[in-house]
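Below is one structure, written out as structure tokens, with a few remarks after it.
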Amino acid sequence: MINNEHKSQIEKFVASFAHYLDVPCSVEVREEDQAGRKAAFVSISTAGDARFLIGRNGQNLQALEHVLRAIVLKENENIQNIVVDINDYKKSKATRVVELAKMAVTKVRNTQKAEVLSPMSSYERRIVHMELASYPDIATESIGEEPQRRIVIKPY
Numbered sequence: 001m002i003n004n005e006h007k008s009q010i011e012k013f014v015a016s017f018a019h020y021l022d023v024p025c026s027v028e029v030r031e032e033d034q035a036g037r038k039a040a041f042v043s044i045s046t047a048g049d050a051r052f053l054i055g056r057n058g059q060n061l062q063a064l065e066h067v068l069r070a071i072v073l074k075e076n077e078n079i080q081n082i083v084v085d086i087n088d089y090k091k092s093k094a095t096r097v098v099e100l101a102k103m104a105v106t107k108v109r110n111t112q113k114a115e116v117l118s119p120m121s122s123y124e125r126r127i128v129h130m131e132l133a134s135y136p137d138i139a140t141e142s143i144g145e146e147p148q149r150r151i152v153i154k155p156y
């Protein structure tokens, strides 16, 4: 369980980070259950230009998430993960990735040949694997090395 002290610590760190980038924002921290694992979900909202916080292809967002994990997970064993989203960037990207994967499933079903998706972050690959796990005639596999790791969708 994430306590108020950890919520406050996360909020202060994010606010300080955003301040250095001159991006005013609001931060909401809540606890979520993700597949049986406790996660701290950090939602950052800004009316300003979020691209400095997100970075190219979400690189700044990933770095911020990595630093928060290093700080918070070391001190709180009840939280197993931290997920950071800025202006619902991850949420909308996840939706696009799932739509792309579903189009690939249609193509795989029609051709009975494997389809290789573009490289994705581990978060995006996990979403695709979880989404396509409910398709009994489709198998998914991650191949390659970071940062070029991608998913292969193939007939089962």
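Position 17 of the sequence shown, counted from 1, bears residue number 17 in the UniProt record's numbering, the numbering being contiguous throughout. Even glycine gets a Cβ: it sits at the ideal position worked out from N, Cα and C. Computed from a predicted structure; not experimentally measured.
Secondary-structure assignment with DSSP links threonine 140 through a beta bridge to Ile153. If you look at lysine 38, you'll find it in the beta strand (DSSP E) that goes 37–45. DSSP places glutamate 99 in the helix class (H, G or I) of the three-state scheme.
Glutamine 148 and serine 122 have their C-alpha atoms spaced approximately 11 Å apart. Put simply, the backbone Cα of threonine 95 is about 10 Å away from that of alanine 101. Proline 119 and tyrosine 135 have their C-alpha atoms some 22 Å from each other. A Cβ-Cβ separation of about 12 Å leaves leucine 68 out of contact with asparagine 60 under the 8 Å criterion.
The beta carbon of glutamine 112 sits closer than 8 Å to the beta carbons of Pro155 from its chain, once the five residues preceding and following it are set aside; these are given in chain order. Taking C-beta atoms under 8 Å as the contact rule, valine 116 and valine 152 qualify, at a distance of about 5 Å. Only residues of its own chain outside the window of five on either side were considered, and among them Ser45 have a CB closer than 7 Å to the CB of serine 26, listed in chain order. Within the same chain, Cβ atoms closer than 6 Å to the Cβ of glutamate 131 are found at Val98, the five residues on either side in sequence being excluded. Taking C-alpha positions only, isoleucine 10 is separated from aspartate 137 by approximately 43 Å.
Annotation: the continuous beta strand (DSSP E) that includes isoleucine 86 extends over 81–86.
Assigned with DSSP and collapsed to three states, valine 27 falls in strand. Using a Cβ distance threshold of 8 Å, valine 72 and histidine 6 count as a contacting pair. Annotation for asparagine 4: the continuous alpha helix (DSSP H) segment containing it runs 4–20.
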